[in-house]
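Undergrad: My structure is below; once you've seen it, I'll send some questions.
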Amino acid sequence: MTYDAVADFAQTWGLVLFIAAFVLIVAYAVWPKNKKTFDDAARIPLEDDKPKADDRRDGRNQE
């Protein structure tokens, strides 16, 4: 095999591989079963953090 044959093979099948991967990723992202998972993940930045009762900056207990 010459360099040109290998380059043509790699370009063609590389393109096919990346298009197939893109289609699979998009299908996974829009699949109805995954909607709740993505909606929950989208709400994470909006949720309030709940501080621990004994959480202090200096690490000491106040008495």
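Using our numbering, you'd call the opening residue of the sequence shown number 1475 and step up by one each time.
Ideal placement from N, C-alpha and C gives every residue a C-beta, glycine not left out.
(1) Between which two residues does the alpha helix (DSSP H) carrying Lys1524 extend?
(2) Whose C-beta lies closer than 8 Å to the C-beta of Asp1489 among residues of the same chain, with five residues either side of it excluded?
(3) Hey, how far is the Cα of Val1504 from the Cα of Pro1519?
(4) Following the continuous alpha helix (DSSP H) through Leu1498, name the residue where it begins and the one where it ends.
TA: For this structure:
(1) What you label residue 1524 is simply residue 50 of the sequence shown in a count that begins at 1. Careful: Lys1524 lies outside any alpha helix (DSSP H) and carries neither H nor E.
(2) As a position in the sequence shown, residue 1489 is number 15, starting the count at 1. As written in the sequence, residue 1489 is Leu, which differs from the Asp given in the question. None.
(3) Working through the sequence shown from its first residue, we reach residue 1504 at position 30. Working through the sequence shown from its first residue, we reach residue 1519 at position 45. Answer to the nearest angstrom: the Cα atoms are 21 Å apart.
(4) For the purposes of this step, residue 1498 is taken as residue 24 along the sequence shown, with counting starting at 1. 1477-1504 is the span of the alpha helix (DSSP H), which, as asked, contains Leu1498.
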